[in-house]
Amino acid sequence: MLDNALYADDLCYGAETVQEALSLSAGAVSILKDTGLHLRKLCTNSRELQALWIQNCLSNEIGFDQDCKLKVLGLVWNLDEDCVGVDVTPLLNSLESMGNTKRSVLSTVARVFDPLGFISPFVVRVKKLVQEIWERGVAIGTPNCQMI
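To convert, take the position in the sequence shown, counting from 1, and add 21; that gives my numbering.
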């Protein structure tokens with residue numbers, strides 16, 4: 022399971038039953054602990070699994086937070102609604118603070134992390150904009166560029 026579900030520092034997996042999820046999570050904690058790696062967070066959308074983690078002392082060992090919102094692979098996972106989304110607020114704040122320049126667009130595009138491709142239709146449009154800016158020869162620090 023660790024071979025297929027570990028991406029950088031995120032371990033994401035699902036299970037058919039709560040008992041299977043408990044077994045997988047306890048096993049992952051044990052294996053990682055044996056290698057000197059310690060999980061910082063353990064989150065689920067299942068209240069039953071949360072209770073079992075508390076009952077089996079996994080919650081104390083990892084700093085389990087029942088209300089945690091989680092960033093997973095560049096996405097925000099809302100545990101209560103069991104849905105994922107994208108938080109673009111930091112990107113918009115970055116654009117606002119740096120102004121309307123080629124440099125600000127390049128910097129903001131470089132901050133996008135979307136390994137699963139959820140927002141790729143938007144990223145492609147922004148990269149196309151960057152390409153057009155480059156083709157028109159807009160200087161890197163030109164303020165208030167009209168095409169941006």
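Even glycine gets a Cβ: it sits at the ideal position worked out from N, Cα and C.
Which term fits residue i, buried or exposed, when burial requires 16 or more other beta carbons within 10 angstroms of its beta carbon?
i, result
"valine 126", "buried"
"serine 46", "buried"
"threonine 110", "exposed"
"lysine 171", "Because residue 171 is not part of the residues shown, which for the chain are 22 to 169, the question remains open."
"glutamine 71", "buried"
"threonine 122", "buried"
"leucine 58", "exposed"
"leucine 113", "exposed"
"glycine 84", "Reliability fails at glycine 84, whose pLDDT of 48 lies under 50, so the model's placement of it is uncertain and the value that follows must be treated cautiously. Glycine 84 comes out exposed."
With distances taken Cα to Cα, identify the nearest neighbour of residue i among the options.
i, options, result
"glycine 95", "Val159, Cys78, Asn25, Leu32", "Leu32"
"asparagine 77", "Cys104, Leu91, Val93, Gly48", "Gly48"
"threonine 65", "Thr56, Asp55, Gly57, Lys90", "Lys90"
"methionine 119", "Thr163, Asp135, Asp101", "Thr163"
"glutamate 69", "Glu41, Ala131, Thr56", "Glu41"
Thinking C-beta only, is residue j closer than 8 Å to residue i?
i, j, result
"valine 50", "leucine 27", "no"
"leucine 53", "leucine 60", "yes"
"threonine 129", "leucine 116", "yes"
"aspartate 108", "valine 93", "no"
"valine 39", "serine 67", "yes"
"arginine 124", "isoleucine 154", "no"
At a cut-off of 7 Å, is residue i close to the ligand COA when judged by its beta-carbon and the heavy atoms of the ligand?
i, result
"valine 144", "Annotation note on the ligand COA: not contained in the displayed structure, which lists no ligands."
Less than 8 Å between CB atoms is the rule here; does residue i satisfy it with respect to chain B?
i, result
"leucine 45", "You won't find chain B in this structure, because it holds only one protein chain."
List the whole-angstrom C-beta distance separating residue i from residue j, where the pair is believed to meet the contact cut-off of C-beta under 8 Å.
i, j, result
"valine 133", "valine 144", "6 Å"
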